[in-house]
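Structure, as structure tokens:
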Ligand SMILES: [Zn+2]
């Protein structure tokens, strides 16, 4: 990487979050004496008798998992929300207010195999998982108590996941999640001012520039956005606007699975490790509103900025709400584009 493309002190506008991201890539090389994350991953068994997610095992609730062959969905044994949340809460006083935390929390097992990740699964199986997300969104979106559905995967010990069994989670809530509310506001404002879909304009600009695209096919695209807050933050989206995953055709879901798999393989190949991430589906609320200006997409937020070095959220991010990025999106996308789309474990590693 040439020193000359390091931009110094540049702020980039995040059009979906309506906030500035401070790009300070010259800081990436500052000396690091803090924590490093171990990369030596243990070899996992295909089935673990201790795992609460493996087929046939008994969970903490005493319920036995199905002997599932593909995917498996169950209600979270420790839900953060519940349709049975009691209505008789103690009344909040003064300016404070509260409400029962109505909702549904579920766990989605991506595979019966304890030792696989989405990056290592066959693309047909990655596609099958997308169908499960879609079915879940359809089912939960019909519940009158539910206003917004957050579907996500936390992956890796550095984001607090102790069980490596491939799985995601669903929080279906009685309120609209804040990030979605912020994005909806931005999309509606943009539609009002220009008559266009904001995310479609983002895709168009990424395609015109081209430097930040990781990969694309006929119906889906992956890129590190111009305004990325994390070093290897990747947006994956269908090219056509849909408010949520329900509207995608079979062809579009296949295309999305293809891109998802290719992106996750590249991330694993980057440092030859199972790449940790938070992967979130950004979808419109299910409260009956008109969200035609919203464009469903998946955001991947990896917490690592260098091999074994975590991006800490500190004074700027937590204290003031704006990200300080130590990297330049164009450079990070070029790194990912240079990598093979065959998983390193398959090639032999
Ligand atoms: Zn397992």
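In our numbering, the protein residues as written are 108 to 456. Here a beta-carbon is modelled for each residue, glycine too, at the ideal position from N, C-alpha and C.
- Taking Cβ to Cβ, would you say residue 275 is nearer than 8 angstroms to residue 217? Yes.
- Message: Quick check: is any heavy atom of ligand 1 less than 7 angstroms from the C-beta of residue 160?
- Response: Yes, since a heavy atom of ligand 1 falls inside the 7 angstroms radius drawn around the Cβ of residue 160.
- Answer yes or no: the CB of residue 155 versus the heavy atoms of ligand 1, is any distance below 7 angstroms? At least one heavy atom of ligand 1 sits closer than 7 angstroms to the Cβ of residue 155.
- Please determine, among 261, 430, 357, the residue with the shortest C-alpha to C-alpha distance to residue 387. That would be 261, whose Cα lies nearest to the Cα of residue 387.
- Taking the beta strand (DSSP E) that residue 221 falls in, what are its first and last residues? For residue 221, there is no enclosing beta strand (DSSP E), since its DSSP letter is neither H nor E.
- Query: For residue 435, which of helix, strand or coil comes out of DSSP?
  - Reply: Of the three classes helix, strand and coil, the one that applies to residue 435 here is coil, per DSSP.
- Query: Under 8 angstroms between the Cβ atoms of residue 423 and residue 366?
  - Reply: In this structure, residue 366 does not lie closer than 8 angstroms to residue 423 by Cβ.
- Task: Using DSSP bridges, identify the partner residues of residue 386.
- Result: 260, 407
- Message: Relative to the C-alpha of residue 246, which candidate in 117, 233, 277, 269 has its C-alpha closest?
- Response: 277
- With DSSP as the reference, label residue 299 as helix, strand or coil. helix
- May I ask you to report which of helix, strand or coil DSSP gives residue 182? strand
- Task: Sort out for me which residues DSSP pairs residue 118 with in a bridge.
- Result: 129
- Task: Would you tell me roughly how many angstroms separate the C-alpha atoms of residue 109 and residue 438, rounded to the nearest one?
- Result: Low per-residue confidence applies at residue 109: pLDDT is 43, beneath 50, and the placement is therefore not dependable enough to give any value.
- Item | Among 339, 430, 361, nearest to residue 409 - alpha-carbon criterion | When only C-alpha atoms are compared, the closest one is 339.
- Query: Where does the unbroken alpha helix (DSSP H) through residue 373 begin, and where does it stop?
  - Reply: Annotation for residue 373: the continuous alpha helix (DSSP H) segment containing it runs 357 to 378.
- Task: Tell me whether residue 177 is buried or exposed, calling it buried when 16 or more other Cβ atoms sit within 10 Å of its Cβ.
- Result: exposed
- Message: Excluding the 5 residues flanking residue 398 on each side, which residues of the same chain have their C-beta closer than 6 angstroms to its C-beta?
- Response: 350, 391
- Message: With a threshold of 8 angstroms on Cβ separation, who are the neighbours of residue 441 within its own chain once the five nearest residues in sequence on each side are excluded?
- Response: 318
- Query: Straight-line CA distance for residue 285 to residue 215?
  - Reply: 23 angstroms
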